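Count along the sequence shown from 1, then add 86; that gives the number in this note's numbering. Beta carbons: idealized from backbone N, C-alpha and C, even for Gly. Remember, predicted model here, so these are calculated numbers, not experimental data.
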Amino acid sequence: MDFALGEEQTAIYDMARAFGAEHIAPHARQWEADGTIPRDLWPRAAELGFGGLYVGEDSGGVGLTRLDATLVFEALSMACPSVAAFLSIHNMCAAMLDRYGSEALKDRYLAPALSMETILSYCLTEPGSGSDAAALKTRAVRTDSGWRLNGTKAFISGGGYSDAYVVMCRTGEDGPRGISAMVVEDGAPGLSFGALEDKMGWRSQPTRQVQLDDCDIPTENLLGDEGNGFRYAMSGLDGGRLNIAACSLGAAQAALDSTLTYMAERRAFGRPISEFQALQFRLADLEIELQAARVFLRQAAWLLDTGDPAASKHCAMAKKFVTEAGSRVADQCLQLHGGYGYLADYGVEKIVRDLRVHQILEGTNEIMRLITARHMLAP
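Next comes the structure, spelled out in structure tokens:
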């Protein structure tokens with residue numbers, strides 16, 4: 087059993103980290119203040135293949151394994167977890183197009199998604215259906231020219247910013263079997279957006295409600311087969327849970343790295359605070375927790391890549407463990423900075439705020455426990 091990254095994997099990680107350090111980290115605070123990510127970032131990311139990380143090579147993507155993709159998101163999150171997580175959402179949508187879309191749909195949306203001229207958003211959650219996603223109410227009915235959608239999607243990263251939206255909507259009976267997936271292009275008649283949400287973290291991501299009022303789309307914008315949308319939506323979530331865990335891991339590592347630097351420079355009682363044994367013990371605990379989280383995450387990603395029957399359970403467990411570990415580490419790093427940790431100049435308070443939502447999205451950590459228990463109790 088080899089726990090070391092291969093040469094290619096190390097190169098992938100180093101490339102993503104260098105990109106984040108040059109193009110994201112110096113601007114992260116300003117983008118947070120602006121409440122948006124400049125569009126010119128994305129074509130530069132696409133030059134490295136970041137627009138289609140696990141889109142097949144035959145479709146123009148990079149075709150990374152899910153383990154390799156976690157390395158990208160871990161590295162990018164050391165610069166800014168908000169930007170990295172936004173890229174993860176785009177990649178989830180691109181992979182759905184690649185896996186389930188018709189050739190016509192791919193020709194229209196996938197190629198520009200890979201170059202990131204087209205940014206994609208994922209629309210599943212609604213005001214009345216979060217964890218109970220299969221209870222969604224947004225409905226699509228057939229028309230002479232295609233489909234007409236009515237409903238509201240909530241907490242949509244990229245709402246009013248993205249160029250196309252992968253929307254889960256009801257075309258049939260209640261429950262998951264009545265749900266289909268459709269692509270709604272920005273500018274479609276009947277598509278509008280709510281006000282910009284004022285969030286605790288992820289503030290560089292524009293987040294709004296997506297409103298569909300007699301929104302007409304062409305017949306060919308149905309993604310895959312009618313009635314299979316919920317299965318398509320869920321198929322991306324195991325990988326999405328790994329990605330968001332990787333974002334927690336990378337950001338927490340960045341917080342710990344900055345804390346080590348701060349403690350070596352900060353002096354109290356005549357010596358650097360890094361020399362106090364009580365604080366050294368706390369540093370050791372943070373390092374142990376992050377190393378355990380990293381191994382757990384990569385094991386889950388490997389199981390998903392190999393098609394192991396227990397992969398979904400391990401992805402859920404890793405998401406729960408790593409996101410909570412990341413938040414604990416970031417919070418303790420703020421504490422070790424003292425009052426300076428509470429100031430925006432030091433960057434740690436942003437990490438604390440950004441990571442908190444990771445325990446909620448891609449399935450709450452309560453749902454991760456439920457998934458784990460169901461697998462344990464299955465006959």
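Look at the beta carbons and you see the region 128-139 touching the region 197-216: at least three pairs across the two are nearer than 8 angstroms. In this structure the region 319-337 touches the region 403-414; the number of beta carbon pairs closer than 8 angstroms is three or more.
When the five nearest sequence neighbours on each side are left out, the beta carbons in the same chain lying within less than 8 angstroms of the beta carbon of G427 are those of C419, L420, Q421, V434, E435, in order along the chain. Take the alpha-carbon of G449 and the one of A197: they are about 29 angstroms apart. For I242, the pairing in a beta bridge is given by DSSP as R294. A Cβ-Cβ separation of about 7 angstroms places G232 in contact with N307 under the 8 angstroms criterion.
Exclusion of the five residues before and after A341 leaves V415, A416, C419, V434, I437 as the residues of its chain whose Cβ lies within less than 7 angstroms of its Cβ.
Rounded to whole angstroms, A240 and E283 show a C-alpha spacing of 10 angstroms. In the structure shown, the three-state DSSP call for A267 is strand.
Nearest neighbour of A378 by Cα position, chosen from D218, Y195, G264, A338, turns out to be A338.
Under the three-state reduction of DSSP, Y208 is assigned to strand.
Around the CB of R442, 16 or more other CB atoms lie within 10 Å, so the residue is classed as buried. About 17 angstroms separates the CB atoms of D302 and A267; that is not less than 8 angstroms, and the two are not in contact.
The distance from the Cβ of D299 to that of S278 is about 7 angstroms, consistent with a contact at the 8 angstroms cut-off. Taking C-beta separations shorter than 7 angstroms and ignoring five residues to either side along the sequence, the partners of A161 in its chain run Y99, A102, R103, G106, G336, following chain order. Within the model, the alpha-carbon separation for M286 versus D440 is close to 7 angstroms. By the Cβ neighbour-count rule, E93 is exposed, with fewer than 16 other Cβ atoms within 10 Å of its own.
With at least 16 other beta carbons inside 10 angstroms of its own, A165 counts as buried. The Cβ-Cβ distance between E118 and R228 does not fall below 7 angstroms. Residue range 225-228 is occupied by the beta strand (DSSP E) that includes R228, with no alpha helix (DSSP H) assigned at that position.
Your pair V269 and Y208 does not check out as a contact, with CB atoms roughly 11 angstroms apart and the cut at 8 angstroms. Taking all protein chains in view, the Cβ of A354 is surrounded by fewer than 16 other Cβ atoms within 10 Å, so the residue is classified as exposed. Here L235 has A226, C255, L298, C301 as same chain residues with Cβ atoms under 6 angstroms from its own Cβ, once five neighbours each way along the sequence are excluded. Taking C-beta separations shorter than 7 angstroms and ignoring five residues to either side along the sequence, the partners of T345 in its chain run C419, L422, H423, following chain order.
For L150, the CB contacts under 6 angstroms within the same chain, skipping 5 residues up- and downstream, are L139, Y140 in chain order.
Approximately 5 angstroms separates the beta-carbon atoms of G326 and M178; this is inside 8 angstroms, confirming the contact.
DSSP places D272 outside both helix and strand once states are collapsed to three, so it counts as coil. Cα atoms of V158 and M462: separation of roughly 31 angstroms, rounded to the nearest angstrom. Sequence-distant partners of D230 (beyond 5 residues in either direction) whose C-beta falls short of 6 angstroms from its own C-beta are missing from its chain. Just so you know, the alpha carbons of A132 and D154 end up roughly 16 angstroms apart. By the criterion of a C-beta distance shorter than 8 angstroms, A430 is surrounded in its chain by R115, K436, once the five residues flanking it on both sides are discounted.
Closest by C-alpha distance to E373, out of A386, G393, D343, G237, is D343. The way I'd put it, the region 310-324 does touch the region 384-404; three or more beta-carbon pairs between them come closer than 8 angstroms. Collapsing the DSSP output to three states places M254 in a strand. Annotation: Y432 to V148 spans about 35 angstroms, alpha carbon to alpha carbon.
A residue is called buried once 16 or more other Cβ atoms fall within 10 Å of its Cβ, and T347, having fewer, is exposed.
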